[in-house]
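Asks: Handing you a structure now.
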Amino acid sequence: MNCLIIDDERPSREELRFFIENHSSILITQEFENSIQALKYLKSGNQVDLVFLDINMPNLDGMELARIINGFKIKPEIIFVSAYKEYAQDAFEVEAFDYLLKPYAVERIIKLLMKLENKFSFNKEHGRYINESKITLTNGEKILVLKMNEIAFIKANERKTEVFYNNNEKFHANIKLSELEEKINSKNFFKSHRSYFVNLDKIKEIDVWFNNTYLLTMENTNEKVPVSRSFVQKFKELMNI
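Its first residue numbered 83, the sequence shown is counted upward by one per residue in the numbering used here.
Structure below.
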């Protein structure tokens with residue numbers, strides 16, 4: 083699990099870095115005192131799991147940056163850090179994970195770091211962190227709540243989707259695949275085909291198919307999932323093929 087620290091106050095960055103490095107396994111990939119530079123970094127394809135974000139910053143404040151980040155296809159969790167309580171409601175509206183007040187209270191920040199550690203579980207087989215958050219699906223008659231790591235893959239079916247999970251169970255959800263992709267905030271899911279969205283950690287076998295494509299056998303399901311030519315190169319990079 084990695085993070086960015088974005089704060090124009092150096093002492094605040096240093097204090098936060100101390101807590102993260104000494105009380106968690108979270109890796110700090112970059113620190114920024116300038117929110118515009120941080121945005122350029124994120125837009126350059128650098129993906130992170132967490133962003134510790136100050137609010138009162140020149141040019142582009144943290145709240146506006148959070149709104150931009152929320153428009154990303156893969157969105158990191160945002161933890162606001164601020165000396166002001168009055169922005170807490172705004173933080174709720176942009177779906178921030180948490181809101182830390184400065185100066186930092188030791189027990190409070192350690193509790194937050196523990197909560198973050200619990201939210202992300204480590205998958206040793208693929209060396210990635212899986213977001214353990216849940217997703218709620220409905221078909222008009224039934225509401226199903228699933229953990230992300232219970233889903234094997236998702237298949238488009240006209241304007242609906244078929245969600246395959248657990249032991250070959252299938253749920254027909256009243257949502258388009260493109261909309262479901264946006265709801266799923268996990269780097270372990272990959273679009274292998276225009277009609278398929280797969281959980282990389284549920285791949286059991288990879289067979290070479292025609293025209294240098296692949297056919298995937300997923301765990302706990304009898305279904306085969308194609309990797310089309312448009313997505314082969316990215317798939318090979320992700321799976322180290």
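Note that CB positions come from ideal geometry on N, CA and C, so glycine has one too.
Am I right that threonine 299 and alanine 234 are in contact with their C-beta atoms under 8 Å? What's the rounded C-beta distance?
Replies: Between alanine 234 and threonine 299 the Cβ distance is about 10 Å, and since that is not below 8 Å, they are no contact.
Asks: Alpha carbon to alpha carbon, how far is methionine 196 from valine 290?
Replies: Straight-line Cα distance between these residues: approximately 42 Å.
Asks: Quick check: the segment 117-125 against the segment 170-186, are at least 3 beta-carbon pairs closer than 8 Å?
Replies: In short, these stretches do not touch, since the Cβ pair count stays below three.
Asks: Report yes if the C-beta of glutamine 119 is less than 7 Å from at least one heavy atom of the ligand SAM; otherwise report no.
Replies: Although the ligand SAM was asked about, the structure shown includes no ligands whatsoever.
Asks: For glutamate 168, name the three-state secondary structure that DSSP assigns.
Replies: Residue state, collapsed to three classes: helix.
Asks: List, from N- to C-terminal side, the alpha helix (DSSP H) runs of 4 residues or more that fit wholly inside the segment 231-314.
Replies: Runs of the alpha helix (DSSP H) inside the segment 231-314: 259-265.
Asks: Tyrosine 186 bridges to which residues according to DSSP?
Replies: Per DSSP, none; premise fails for tyrosine 186.
Asks: So isoleucine 150 is in the alpha helix (DSSP H); what residue range does that whole segment cover?
Replies: Counting along the chain, the alpha helix (DSSP H) containing isoleucine 150 begins and ends at 144-151.
Asks: Where does aspartate 89 fall in DSSP's three states?
Replies: Aspartate 89: coil per DSSP, three-state reduction.
Asks: Measure the alpha-carbon distance for serine 310 versus isoleucine 192 and round it to whole angstroms.
Replies: Those two C-alpha atoms are separated by around 45 Å.
Asks: Isoleucine 118 lies in the alpha helix (DSSP H); which residues open and close that run?
Replies: 117-125 is the span of the alpha helix (DSSP H), which, as asked, contains isoleucine 118.
Asks: Pull up the DSSP beta-bridge partners for glutamate 159, would you.
Replies: Partner(s): Leu132.
Asks: With DSSP run on the structure shown, which of helix, strand or coil describes glutamate 223?
Replies: Correct three-state label for glutamate 223: coil.
Asks: For glutamate 96, count neighbouring Cβ atoms within 10 angstroms of its own Cβ and tell me buried if that reaches 16, exposed if not.
Replies: Result: exposed.
Asks: Using the C-alpha atoms, what's the distance from isoleucine 108 back to phenylalanine 100?
Replies: Looking at the two C-alpha atoms, the distance is approximately 12 Å.
Asks: Apart from the five residues on each side of it in sequence, which residues of its chain come closer than 6 Å, Cβ to Cβ, to glutamate 207?
Replies: Its pLDDT being 45, under 50, glutamate 207 is placed unreliably by the model, and the measurement read from it follows with that caveat. Counting only Cβ-Cβ distances below 6 Å, and skipping sequence neighbours, we find nothing.
Asks: Can you tell me whether phenylalanine 174 is helix, strand or coil according to DSSP?
Replies: If DSSP states are grouped into helix, strand and coil, phenylalanine 174 belongs with the helices.
Asks: Sorted by chain position, which residues of the same chain lie with C-beta nearer than 8 Å to aspartate 180's C-beta, five sequence neighbours on each side aside?
Replies: The residues are Ile161, Phe162, Leu194 and Lys197.
Asks: Using only the alpha-carbon positions, how far apart do glutamate 319 and proline 185 sit?
Replies: Their backbone Cα atoms lie some 43 Å apart in a straight line.
Asks: Measure the CB-CB distance between isoleucine 110 and glutamine 129 and report whether it falls below 8 Å.
Replies: Contact: no.
Asks: Pick from Ile88, Lys252, Lys224 and Gly144: whose alpha carbon is nearest that of asparagine 236?
Replies: Inspection of the sequence shows that residue 236 is occupied by isoleucine rather than by asparagine. Of the listed residues, the one whose Cα sits closest to isoleucine 236 is Lys252.
Asks: Per DSSP, which residues does leucine 109 bridge with? Please list them.
Replies: For leucine 109, which the question treats as bridged, DSSP gives the partners Asn84.
Asks: Going by DSSP, which residues form a beta bridge with lysine 318?
Replies: Per DSSP, none; premise fails for lysine 318.
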